[in-house]
Structure formats: C-alpha cells, structure tokens
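J.: A single structure is presented below for examination.
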Amino acid sequence: MAASPRTSIGFEVLLSALKNEGDVESTLNILNVLDELLSAGTDRRIHYLISKGGSEALLSVLVNTGLSFCPNYTVLLPLLHLLAKVGHRDSRIGLKAEETGAVLLTLNLLKHNAKHVKMAAACLWVIEVFSSSVSAANVIGENHGLDVIFHLIPQYTTKNLHTIKAAINAFTALLCSKANVCSVISKGYISGLLHLYEDWHSKDTQHTAIEIRHMLLRCLHKVTHNNPGRQAFISKGGLRLLYHTTQTDLLIKGLESLIEPSVQLMRKCLPKTPLPLTSDQSAYTFLLPGRAHAVPDVDMAPDNSSEESDDDDADKQQAESKDYDDDLETDVNRLCLRPDLDRPIELLPQYGHLCPELSHDFKELNLSSEPEESSPSSDEEAVLLNTFSPHSTRMDRKKGDSNNELSTSSSGSQSETETSTKENTTGAAQLETPDVLCHSSILGCRTTVRELRVEATPGLKGNEQVEEQEGGEEFPHCTMIDMLLKRHGACIPHHEPQLYRAVATQTKSIPGFSILPFPDFWGHVPPARHEPMVPRKPNIQRQKVFEDVQRFLNTADIINQVVYDLEDSSFSLSLFVSLQCLSDSLRFFSNFECGNLRKAVHIRRYEYDLILNADANCSQHTQWFYFEVSNMVADVPYRFNVINCEKSNSQFNYGMQPVLYSVREALEGRPHWTRTGTEICYFRNHFCPAQGRRKTNFYTLTFTITFKHNEDVCYVAYHYPYTYSAMKAHLNVLQKSVDPAIVFFRQQILCSTLAGNLCPVVTITACPASRAWKDMHQLRNRPCIVLTSRVHPGESNASWVMKGTLEFLCSSDLVAQCLREAFVFKIIPMLNPDGVINGTNRCDLNSKDLNRQWCKPDPILSPTIYHTKGFLYYLNSIGRTPLTIPKTLDRISPAFSFNSCNYLVEKSRSATARVVVWREMGVLRSYTMESTYNGCDQGIYKGLQTGTRELQEMGVKFCHSLLSVTKDMKALYDRRLSNHIGLDHNILDHKSHNFFEDDEPPCVEEIEYSTNCPTLKGTDLDSDINSNMAIEDEDEDGDGIGQRGAKQQQGSIGVLQQSNMKSCLFPDSIGQASIKTLIEKRNKCQGVSIVNGQITS
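At position 204 of the sequence shown (counting the first as 1) the number is 442 in this note's numbering, and the numbers step up by one without a gap.
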C-alpha cells in the first residue's frame, strides 16, 4: 500500500502524539484531525493508518480513558466513533481489542450509559465491530452482553432510531458465535424477535422503518443457522408470521427489500422432509460379477446434518469449489509422458476382426456394378429380421431361436459371448404396445387387453421366463397394429415400427420390460416450426415457494395419495388401469425402456410430486425422467414437481422446457416430440434422503402442463428420448438403405454388456473403385476416424447428433461421398447400452461413471470401455492412429461456438476418454463435443430451443468439418464442395461468444436459499455514525432510548443514506480550531502541518 513519505511521517507523528498526550484538549484535537484526514481520502488511507498501528493506538487511548476514576465522555464519544470507523476495516480488530482489554471495557461503558442515546449508540457500533472475532463475541456473550443489547431493542417507536438500529446490528453481529446462538435459543429470544418484527410490521403503516424491519429479518436469519434455531422458529409460529406479513407486503410497492429476505428465511426454515421412499437405493439392483450382493457397499453412518449449521455447509462448498479450482494439471512434461499399456500386447490382435475393410476381398465388384439390397452384416441381424417377423407366432420364433444360435465375433472371451447370446435369443418375449392395446378410447376401436407380465429373477432373466402363450392370441393384436399403422402411420425417414418392435424383443433390462413406449414404436418427426425459449415469468420461483409453504401450513388441503409406485406391483399397467378407472387423478407409468419415474404422489387436485429413480445399484444421479401420463382433463393446468433432482442448477431456469409426445396428436398425423410447460423453475427444496445416510441437497423442477385433449395418453421427458432399441433398429434400416457397391457398411459386435446386451461398432467407408492394387491400397491406408457416443445415458441429445452423422455418412451427398473416400469411420453409437435401457442418468449398472473409467477399465465391470480402449490400442499398434475439429465447425455450424470450447486438461478429468486417448495413444485430435439441452445464445438459432432437427444438423455439420483434416486439401476444397457446404476462406474471421466456466449464468432468482440476509444497499456504518453525530445535542437526563429524540429523526426515518466519510465528530468551528492548535505546535511535531486535508512540512 503506497503512501507519500510526508503522509507516512504525519500519521506516525499523530499516532505518537495521541498515545502521549495527556490533556483533553490535545487528545480531542488529534482525534478531530485524524477524522478530517481519513474523511478527505478513501479507504486506502484508513488501511494505511491500520498498517501503522492506528487501531492499537485508538484502543490504547480507549482503555486509558475508560479505566480512569472518572471517565471523560467528551473524549470517549468521538474516540468510539473513530474507532468504529477504523475498526470496521481492520480484520483483526476483535483480537486486538481482546488483547488490550477493550472488549469488556466497551461492554461496561454500554451498561453504564444505556440511557445515554449517543453514548449507547457509539458503544454498540464498537461492539458490532469487535464481534468480527468469534472469540470476542463469545466474551461479550459470556458477560451478559446479549441480554443488555436485546433489552435496548424496543417495540415500535419513532424515537432514537439510530440507537435502535445500532442495537439490532450489534445483536446480529454477536450471533456469529455458535455459543451465542445457542444462548439466544435457550433464553427464548427467538420468540421475542418474532414479536418485535410483528409489532414493527403492523404499526409501521407509513413504511418509514423499513430498515429496522430488514435488520430484524437479518437477525432471524442468523439465529436460524442451526437446526434447534429453525425448530424454535417454527414452533413459535415464525413460518406462519412471515408468510402472512409477506403476503401483505406484496400488495405494496417498494417493499422488495423485505419480501426477498422473508422468502429466503421461510425456505431455509421449512422442516427437512424425507423423500417418501422405503430406501434411497435405486429400485433397480443388478448382481455384479464377483459380488455377493447386488448393491455396492455404501456408507451406513447416520447423517448428523441436522445438527450442523448452514455456515458449515457454506464452508464445505467453498472448500470443494477451491479444490476444483486448483484441479488444473500444469505439469506439461508429466502430461506428455506415454503410460504403459494397461493390458498385454498379445491381446490386441483379437480386435483385428473389427477392421473388416482390411480383409474384405470385394469380390462383388467383379460380379455386377448394379446396386443390390445389402444383406445382414451379422448372424444377429439375420436372426432379427428373419425370425422375428411381425406376423410370426411365438412357436415359430422359439423354433427359429433353437436353430439360429448367434455366432458373432466379440472382443471379449468367446465363452462369455456365447453365453450372453444364448440368453438373448432363448424365449424372447414379444413386446406389447400399451398405448395401442390398452387405450382403446383414443384409438377409436375395441380390443381385449391382455398384457404379458413376466417375473424377473435377480439375475436379469426376465425375458427368459415368458410362459408359453397360444400363438392364436397374437394375431388380433398384430392385425390391429398393422391396421393402425396403415391408417394413421406417418412416413418417418429411417424408421420402421415393426422392425423397432422386433429389435426391442431382444433388449434386456433389469425389470424385464414387456411394454413398448408409444413414441419410440410409432416414431417422431420434428415440428415444422422452431420452438423459442420460454421467457421466465417474473418471480415465478417465489410464487412456487409460497405454494410449498402453504402445503406445510395448511395440511388439511393436501391429498398426499400415491398414484404410482414403480416398486409396487399393484401399480402395474393393467391392474392399475382397472383399479383407477373411476378416479379423477392422473395415471402414470414408466416401466419401459429408457423410462424413469419411481413414484408419483397426488398432492392437490391438479398438483403431483414426482420422484425419480436413482441410477441402478446406487442412490444418486437423479435427473433424467421419461414417463407416461394419462386420464387428463383438457385445458386444465396440471403442476408437476420433480422433487429429487441433484444438479445445483439447470437450463430449466433459462428458457428450457421438457418435451411431450401426444398419442392422439400422433394418430392425427402429428407425431412430434414438442417442447411444453409453463411456469418453469428449478430451485433447492426442503427434501432430504429417505434414510438420512448421506448428506444431499435436492432440487425441485416444477412445471405446469395444460393438455389439449381429454383422455389422451402423453409422454413427458427431460429431453428427446433415444432408446437402445431405436439405435439398433436405425442401424438395420441404414444398412438396408445403402448401395453395397458404393458404401462399405458393416455392423459388428464390440462386446456384450453386463446385462447381456450387445454393443455394436459400425464401419463406414467407400468401396474401392475396383480390385486393382492402387484402389485397394488407397482403401487400406485411409486414416481412421473413431466416433463414440452416449457414455452418459441421460444425454440423449448425443444420440440425436450421432443419428444425423450416421445418416449423412450413408447418404449420397457429395461431401459424404468424399469423406467416405478419404476416411474409414469406426462408430460406436452407444457406449452405455445398459444405462440407456434402464433409464439411468449418469452411470452403468456397476454404479460407475463410465467416462471416468478410461485409465484402467475393468474388463468385467466396464466391458464397453475396456474393449473400446483395446480397439483404439489396436489401431495405434498397426499404424492407424485415429483422428477423433472445432475451428471449421465454428464457421459452418450455426449452433457451434469455438470460443466456448475448453482445451484444459484437469485432474478431475484425467480418466475421461479425450484425455486418456490423447495421453496414452498420442491422438492429437481427441475431442468431446458437448451439446446443449436448451438452445443457442448466438447465431441464427439465438433464442430458440434445440430440437432433433438441429441436433441431427449438428451431426451433419460435424461431418462437413472433417474436410479440414483431409490430406488432399486441394481435391476436397474445390468449388463444388465449397458451394455445397457454404465454405469460404474466412474461417478465422468468425466470432462467437467467449467461454464461460459455468454452464449456466447466475439465475434471476436465488436457486439456493441464502444462509445470510444481505444488508440494504445504501446503508453502512459510516453513514450511521455521521448521521448520529449530526443530531443536535439534547438533554440526556430524560427518559432514555425509545422515548426521546423524535425531533431529530422525523423526516429521515427509512431514508437510505449515501455512504460517506465526511467528518462529523465535531462541529466545523471546533475542527478548524483543532487544526490551528496543531499548526502552532508543529515545531514539536517535526514541522508537520495540515492544509486542505493533506499533511505537509
């Protein structure tokens, strides 16, 4: 901190003189001069004074003056004012005061001058400053300081408001100590504070004491930091009081400073409510290989969070944030070291069969150049397409299964592959489409509902235990489905409902799904129009919080009826429909592929709480949802509250909406997933884990849906769903669509998952022009581009981008043709099939995030990652290091932002795919391309929500960007391609938004409920001190605080004053006299003088 030599000498001289002067006049003069100097400058001067021992000097004078036999209050009053101003900026003032004995001295001065308005206020300000130290606050509390100060806070009055404010602020400052908070609770002061707030609220009809009411709210915030404080607050009627006072304040303009702290206080004090679940563990458990129990070990220690304070929570969050901020890997040499292989090199050749383009002889090129329909690429697809015809009976399929054992090459052990294959094909159950079979009122036809319900064993063998059904019963269903598809089915590109149904029969799930969700079976077409982001309704979160508080205050209005429970067999679809046929409540269902809804509770007539299922085998990662809802009434707003979300913020706070699919709309020719919902917000709630064994904050996503049709069947999801069965069916459709003489398209099996599902890998490239050596050599030396997707099941947007990429690479587009001729694409469309199938958000069945397993993946527990990494090792070992392209994307894709890319390598992401592939295999272009759930804030899509059309377009633009990494730039950047994709030469001229560390900017409303109540803007300690000193002196022999001083306060009550350091310790005439006196003594002060607030010599 810089200061001129003259100023430095001047301060030192003044401080030295202050300590040594014994007469009152000189002490007053020095105090006034110091005040003039500090007031004329900025805080920088005060901090410099502190660095030169200014706080110690003032404390020393205070102790010496206060301990005298007859304290001189003429000196003490300005001394206390100056000490409060300086100490307010000294972070160690409390400790210094303890060391000098000034803490108890100030408290004693307050006790002896409680009826002296100015002196009491000065002592209170100094106590507030001292309380910045917890130990000093404890000393004051132990010596009955809390009792003294609390009794200085009167009921409503218009007198001595400065002293009253000082008392409230000092009382609040003392609550920084846990011991003082406990003392306040035990003495019943919370009830007293509530009575004071109610009195000031009811009698301040002119709203002139807003500042005092706000200070009382701050005090209540402090005293409710721990669980006993919150319980006392509720038991004394605090929640009801604040609710009613806030409702009154909402009717009056200008009271926002009272409303928001009241709302935050109510949110904080709502009692913690356990989720209405029997267990925090997922409803889905899976017995892992080598484990004695399905569920991994969890910490069973009880959660003592109820006894901890919110301050502790804030400290922990700050520490975690700091750890994350310090997580950057900066050792470049360490990063560049190539680790050893994580497996014997002898195991790598087993992946050779995943490069069929290297061994295929292309004999068909000599036979005919005419395109033919491609044959299935593996026996799996042959079994699928030939055996599971939509019109085949179960007896036929069973016979076909016995004669068509699946024999695909797998990267895992052969025995393991054969076992999983047999499980996959034995007795597979024909899935039913419940929307077609059960909701006959929508379809306008009658049918007997018969749902196949299968019992799943703990080993996930549900599809193996289907009882034999008579084949004749199946034909009516198939006939009806065929009739509906013929009458109402839309022509959806690359989608065949019957093929999807056949593929889904082979999909293995933990519960053994036997129901198809209608949107995935019927198909989806993007809406014709773009859907804009929804403007956030002002104070919508506050409105929802008020409704939640009403739930607590008016329990008689709450229905609290469970209307769906994933774990309760009585809520199975057929039984539930029959039992609830006369009920007016909504019906829910989620027991289908990708579905996630664990429980639905009917709260009020048109309001439902929804509880999501945690990821399989764990108790965390609740964010993704996908469920069916029916039995609605048209044009009625239904409120849905997803109450156990875990993310601390969400794009739902920034204009994003959930997606909805209407069966009736689809049958009328509009098979669209559309954005829906109003009054959307996302905020922290008062729910806690059911068993209280882990400390978790839950968040509520609340939205309102008004359905268009009566008795419709709708599906609601977090984002556009994309199932494993959809991916498999899509690959089969693509394979049939390509010309095998032009496009080399091969599906192969990378490995089997934990549940026995197959993880496909697709090879796409161009067939050689001929079998000549030159053409074959060019084919077998094409660089590889490896693309993977959907490692996190809840990120369904990734699958839509990959869908666009696959369709483009298989198309006849000129750019696609050039890319196929330049590269060999190795695509793994879904790295986490089991997670996608079972509706998890983040993890696989092993309860692990697969994108954090790349360093040392377990071949048994993380097979897809293990074999993907092995395949990449193999490509690297044969000299085909893959390329896995951002600058070009920034210019050609309207939804991509280069400046928002992050190329840092952090320790927390050291086990992710992009880092491991770069570090261990030397892949220089290894990227993770992230996609938004919401929309764009730049370009032509600015302000619009992203739909499946835009996501698939992103996949196409990604392919276009690959032109920039081809070897033959001149050949590819010819005029035809440039015009085709709109490529110009101003790549570096494109500008996009800068990168922000956080995915979401600050929300307009507080997502978390505040632990503290901020001070009002425009008020500070300096203003209060200066205003107090400007008051005309009065006879202090009167009644005391709360009964005097009305004259000087009227006209200024409730006015927020500007912060300033203007000196008010003395009248101007005294200040000038003090300066003259010091000038006369400048020879004694080494020639120092003060001119216009500056120290000169």
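Glycine included, every Cβ here is placed at the ideal spot set by N, Cα and C.
These figures come from a predicted structure and were not determined experimentally.
Work out the CA separation of H924 and K441 for me, nearest whole Å.
T.: If you take the alpha carbons of K441 and H924, they lie about 33 Å apart.
J.: Assuming Q779 is part of the beta strand (DSSP E), what are its boundary residues?
T.: That residue, Q779, is in no beta strand (DSSP E); its alpha helix (DSSP H) goes 778 to 791.
J.: If you draw a straight line from the alpha carbon of K257 to that of L314, how long is it in whole angstroms?
T.: One C-alpha to the other measures close to 14 Å.
J.: With V999 and L585 assumed to form a contact (beta carbons below 8 Å), what rounded beta-carbon distance in angstroms separates them?
T.: Not quite, the Cβ-Cβ distance comes to about 17 Å (not below 8 Å), so this is no contact.
J.: In whole angstroms, give me the CA-to-CA distance for K334 and S1248.
T.: Going by the C-alpha atoms only, they are around 31 Å apart.
J.: Roughly how far, in whole angstroms, is the beta-carbon of V367 from the beta-carbon of H326, given that I think they are within contact range, below 8 Å?
T.: About 5 Å; that satisfies the 8 Å criterion.
J.: Nearest-angstrom Cα distance between F826 and I753?
T.: One C-alpha to the other measures close to 14 Å.
J.: Pairs of beta-carbons, one from the segment 1101 to 1118 and one from the segment 987 to 1005, closer than 8 Å: are there three or more?
T.: The segment 1101 to 1118 vs the segment 987 to 1005: in contact.
J.: Is there contact here, the segment 792 to 811 with the segment 735 to 746, by at least three beta-carbon pairs under 8 Å?
T.: Touching, no, given that fewer than three Cβ pairs across the two stretches are closer than 8 Å.
J.: Between the Cα of T743 and the Cα atoms of I841, I719, D578, Y962, which residue gives the shortest distance?
T.: Here the closest residue by C-alpha is Y962.
J.: Closer than 6 Å by C-beta to H1349: which residues in its own chain qualify, once you throw out the five before and the five after it? Chain order, please.
T.: Residue 1349 is absent from the model: the chain starts at 239 and stops at 1335.
J.: Is the Cβ-Cβ distance between L496 and D487 less than 8 Å?
T.: Yes.
J.: Can you list the alpha helix (DSSP H) stretches of 4 or more residues lying completely in the segment 956 to 989, in chain order?
T.: List check, alpha helix (DSSP H) in window: 962 to 975.
J.: Anyone know if the C-beta pair for M504 and Y481 falls short of 8 Å?
T.: A contact, by the Cβ cut-off of 8 Å.
J.: How many angstroms separate the CA atom of Q519 from the CA atom of D847?
T.: Whole-angstrom Cα-Cα distance: 19 Å.
J.: Can you grab the Cα-Cα spacing for the pair T1170 / T745, in whole Å?
T.: For T1170 and T745, the distance between alpha carbons rounds to 28 Å.
J.: Using the Cβ count rule (16 or more neighbours within 10 Å means buried), how would you classify T793?
T.: It is exposed - the Cβ of T793 has fewer than 16 other Cβ atoms within 10 Å.
J.: If we ignore side chains and look at the alpha-carbon of each, how far apart do R913 and I288 end up?
T.: Cα to Cα, R913 sits roughly 60 Å from I288.
J.: At what residue ranges does the segment 836 to 904 contain a whole run of the alpha helix (DSSP H), taking only runs of 4 or more?
T.: Entirely contained in the segment 836 to 904, not one alpha helix (DSSP H) run reaches 4 residues.
J.: Let me know the secondary structure DSSP gives Y1247 once reduced to three states.
T.: In the structure shown, Y1247 sits in coil (DSSP, three-state: anything other than H, G, I, E or B).
J.: Between T938 and M965, what straight-line distance do the alpha-carbon atoms span, to the nearest angstrom?
T.: In a straight line, the C-alpha of T938 is about 31 Å away from that of M965.
J.: Per the DSSP calculation, N407 is bridged to which residue(s)?
T.: Bridge partners of N407: none, in fact.
J.: What is the residue span of the alpha helix (DSSP H) that I497 lies within?
T.: Residues 494 to 507.
J.: Out of curiosity, what's the CA-to-CA distance linking R1320 and S370?
T.: Low local confidence applies: a pLDDT of 44 at R1320 is under 50, so the model's placement there is unreliable, with the coordinate-based value given in what follows. Straight-line Cα distance between these residues: approximately 38 Å.
J.: Would you report the Cα separation of D803 and S828, rounded to the nearest angstrom?
T.: Cα-Cα distance, rounded: 10 Å.
J.: L390: which of I423, H350, V801, S373 sits nearest, CA to CA?
T.: Of the listed residues, the one whose Cα sits closest to L390 is H350.
J.: Using 8 Å as the threshold, is the segment 950 to 960 in touch with the segment 781 to 793, meaning 3 or more CB pairs across them?
T.: No: the two stretches stay apart, fewer than three of their Cβ pairs being nearer than 8 Å.
J.: Can you grab the Cα-Cα spacing for the pair R1028 / Y960, in whole Å?
T.: Looking at the two C-alpha atoms, the distance is approximately 10 Å.
J.: Give the single residue among V971, N1035, E595, A322 whose Cα lies nearest to the Cα of T1001.
T.: Selected option, being the one with the closest Cα: E595.
J.: Label W1011 either buried or exposed according to how many other C-beta atoms from any shown protein chain fall within 10 Å of its C-beta, with 16 as the threshold for buried.
T.: Looking at its Cβ environment, which holds fewer than 16 other Cβ atoms inside 10 Å, W1011 is exposed.
J.: Who are the near neighbours of Y892 in its chain, counting only those whose CB is closer than 8 Å to its CB and skipping five residues on each side?
T.: Counting only Cβ-Cβ distances below 8 Å, and skipping sequence neighbours, we find M771, R774, N1172, E1238, P1239, C1241.
J.: By Cβ distance, which residues of its chain are closer than 8 Å to V301, with the 5 residues on each side in sequence left out?
T.: Only T338, G339, A340, L343 meet the Cβ criterion.
J.: Taking only runs of the alpha helix (DSSP H) that begin and end inside the segment 268 to 312, which ones reach a length of at least 4 residues, in chain order?
T.: DSSP runs (the alpha helix (DSSP H)) wholly in the segment 268 to 312: 281 to 289, 292 to 304.
J.: Looking at the secondary structure, which residues open and close the alpha helix (DSSP H) in which W1038 lies?
T.: W1038 -> alpha helix (DSSP H) spans 1034 to 1047.
J.: Apart from the five residues on each side of it in sequence, which residues of its chain come closer than 6 Å, Cβ to Cβ, to I387?
T.: Same-chain partners within the cutoff: A405, A408, F409.
J.: Out of curiosity, what's the CA-to-CA distance linking S1290 and T484?
T.: For S1290, the predicted model reports a pLDDT of 36, less than 50, meaning its position is unreliable and no value from the coordinates is stated.
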